[in-house]
Amino acid sequence: MELTVVSQSDIRTVVTSLRQALFTSQSESTVLAVSYHWCFKRGYSSAFLAVIILLSGLTTVNTMFTGGLRFLRLGHRLCSFKHARFLLRGPHTWVHQFPIAQSSRQSPVDLRSSETHFDAKLQPLNYDDKATSSRMLNNNGLSFKLSFDDSSDPCVLNGGPLDGDFRLNQLHMHWGCDKLPGSEHIVDGNAYAAELHMVHWNSSKYSSMQQAVTQPDGLAVIGVFIQVGKEHEHKELKKITDLLPKITNEGSKIELSGLNPLLLLPSSTAYWTYLGSLTTPPLHESVTWIVMKEPLSISKQQLKAIQSLYFLRSGKYERLLNNNRPPQPLAGRKIRASFK
Numbered sequence: 099m100e101l102t103v104v105s106q107s108d109i110r111t112v113v114t115s116l117r118q119a120l121f122t123s124q125s126e127s128t129v130l131a132v133s134y135h136w137c138f139k140r141g142y143s144s145a146f147l148a149v150i151i152l153l154s155g156l157t158t159v160n161t162m163f164t165g166g167l168r169f170l171r172l173g174h175r176l177c178s179f180k181h182a183r184f185l186l187r188g189p190h191t192w193v194h195q196f197p198i199a200q201s202s203r204q205s206p207v208d209l210r211s212s213e214t215h216f217d218a219k220l221q222p223l224n225y226d227d228k229a230t231s232s233r234m235l236n237n238n239g240l241s242f243k244l245s246f247d248d249s250s251d252p253c254v255l256n257g258g259p260l261d262g263d264f265r266l267n268q269l270h271m272h273w274g275c276d277k278l279p280g281s282e283h284i285v286d287g288n289a290y291a292a293e294l295h296m297v298h299w300n301s302s303k304y305s306s307m308q309q310a311v312t313q314p315d316g317l318a319v320i321g322v323f324i325q326v327g328k329e330h331e332h333k334e335l336k337k338i339t340d341l342l343p344k345i346t347n348e349g350s351k352i353e354l355s356g357l358n359p360l361l362l363l364p365s366s367t368a369y370w371t372y373l374g375s376l377t378t379p380p381l382h383e384s385v386t387w388i389v390m391k392e393p394l395s396i397s398k399q400q401l402k403a404i405q406s407l408y409f410l411r412s413g414k415y416e417r418l419l420n421n422n423r424p425p426q427p428l429a430g431r432k433i434r435a436s437f438k
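Numbering (the numbering used here), first residue to last: 99 to 438.
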């Protein structure tokens, strides 16, 4: 069976229908049955169905693996459907264990032009221009994570919307798969291939990352969009991507030194800022977000290396893909921009 090309309006139509079915308390098995007949009546492959279910916000797809629904074994897929199952038990179910997931200061968000206000008072960001001391690059099963020395040799961020100094603690990334973008923040509904997060804690008010992470002004996270450009690699990010084949499996780690975080920022200083949260549990609403307007460009080979990590589930390793949380309601918050 071949994958039928469909329009965005078709996708929106079926996703809306599925969501309405959920909100009217119809069972998931009913919704899945409807989606099955809807897709295959129109010749859509299992890949398209997987994407629809992923977008619809369902929390489990176990009922799909019964009777005539074994079509999922067909080979035409946009992404690993097993990983789609993993995701469906992820962000959409976090609220059961972390009620704050439905609170009014959650991240990421859609950075819509209509909701953005230029703030002439926003200052440029100030960042230490230095390569910090040795740190560890590891695969934690959620992303790659690069930890920094934030005690004896800290890399300090200040300026912008921040009051005081913020020390760089770690950086990590969120990405999609071959056919789907994976940035967490989106701009007017448009997503990028990936998004780099540089996590800092407020060292002017708190004594450690552990103390700061639960405080409303405890963290500052710089988000940098990642796009796939020409074949030229991003030189500073290459120091990370060259080591990823050595930490393919969850739990593996390797030392990395000589990386300059400043070189992971785009040349443009333009940014959006708003008050938000961590995008993974425990979802603390402690983050001042600073999302850079200009993306970084990386090569296809670098993105492939990023997408080649594995996580451990039920004793088996599976590809780590689509590790991004969907945009959350803005809920009346203000998005400020340093640019017009």
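Glycine included, every Cβ here is placed at the ideal spot set by N, Cα and C. These numbers were taken from a predicted model, which means no experiment stands behind them.
Per DSSP, cross-strand counterpart(s) of residue i
i, result
"Arg417", "Tyr408"
"Leu244", "Leu235, Leu269"
"Leu373", "Thr386"
"Ala318", "His298, Thr386"
Under the three-state DSSP convention, the category residue i falls into
i, result
"Pro424", "coil"
"Ala435", "strand"
"Lys344", "helix"
"Ala403", "helix"
"Val297", "strand"
"Glu213", "helix"
"Ala310", "helix"
"Gln221", "coil"
"Ala199", "helix"
"Asp226", "coil"
"Val207", "coil"
"Leu152", "Reliability fails at Leu152, whose pLDDT of 49 lies under 50, so the model's placement of it is uncertain and the value that follows must be treated cautiously. Helix."
"Thr122", "In this prediction, Thr122 scores a pLDDT of 38, lower than 50, which makes its location untrustworthy; no coordinate-derived value is stated."
"Leu357", "coil"
"Lys337", "helix"
"Lys303", "coil"
"Ser178", "Reliability of the predicted coordinates at Ser178 is poor, the pLDDT of 45 falling under 50, and the value obtained from them is presented with this limitation in mind. Coil at Ser178, not helix or strand."
"Leu260", "coil"
"Leu394", "strand"
"Leu255", "strand"
Beta-carbon proximity of residue i to residue j, cut-off 8 Å
i, j, result
"Gly262", "Ser306", "no"
"Lys344", "Ile338", "no"
"Leu419", "Cys275", "yes"
"Ala291", "Val254", "no"
"Glu293", "Val322", "yes"
"Gln426", "Lys336", "no"
"Leu68", "His330", "Residue 68 is absent from the model: the chain starts at 99 and stops at 438."
"His298", "Leu317", "yes"
"Asn422", "Gly287", "no"
"Val242", "Leu362", "Per the sequence presented here, residue 242 reads as Phe, with Val not at that position. Their beta carbons are not under 8 Å apart, which means Phe242 does not touch Leu362 by this criterion."
"Thr386", "Leu376", "no"
"Gln204", "Leu381", "yes"
"Ile284", "Ile396", "no"
"Ile367", "Pro222", "Note that residue 367 is Thr in the sequence shown here, rather than Ile. Yes. Within cutoff."
Residue from the options whose Cα sits closest to the Cα of residue i
i, options, result
"Leu220", "Gln204, Ile198, Gly258, Leu381", "Gly258"
"Tyr369", "Thr214, Leu361, Val193", "Thr214"
"Ile388", "Val319, Arg417, Asp208, Lys328", "Val319"
"Tyr415", "Tyr225, Ser205, Asn238", "Asn238"
"Met390", "Trp299, Lys243, Phe437", "Phe437"
"Asp251", "Thr367, Leu266, Leu244", "Leu266"
"Glu383", "Tyr408, Gly188, Ala199, Pro189", "Ala199"
"Arg417", "Ser395, Leu394, Thr346, Ile396", "Thr346"
"Ala429", "Glu282, Thr191, Pro206, Phe196", "Pro206"
"Ser355", "Lys398, Leu342, His270, Met234", "Met234"
"His190", "Arg431, Lys328, Pro424, Ser350", "Pro424"
"Asp315", "Gly188, His295, Leu260", "Leu260"
"Glu334", "Ser350, Glu348, Leu357, Gln313", "Leu357"
"His295", "Tyr304, Leu223, Glu282", "Glu282"
"Gly413", "Thr371, Glu348, Lys402, Lys398", "Glu348"
"Thr371", "Ile404, Gln313, Phe216", "Phe216"
"Ile404", "Met271, Asn300, Leu223", "Met271"
"Lys402", "Asp340, Arg434, Ala435", "Asp340"
"Asp226", "Ala218, Asp248, Ser212", "Asp248"
"Arg434", "Ala218, Gln195, Ser201", "Ala218"
"Arg431", "Tyr304, Gly188, Ser201", "Ser201"
"Ala289", "Trp273, Asn300, Tyr304", "Trp273"
Assumed close pair residue i, residue j - CB separation to whole angstroms, cut-off 8 Å
i, j, result
"Pro364", "Glu392", "4 Å"
"Thr378", "Leu209", "Between Leu209 and Thr378 the Cβ distance is about 20 Å, and since that is not below 8 Å, they are no contact."
"Phe246", "Asn256", "The Cβ separation is near 16 Å, so there is no contact."
"Asn236", "Ser350", "7 Å"
Residue i: CB within 7 Å of a non-hydrogen atom of the ligand HEM
i, result
"Phe264", "For the ligand HEM, the structure offers nothing, since it holds no ligand at all."
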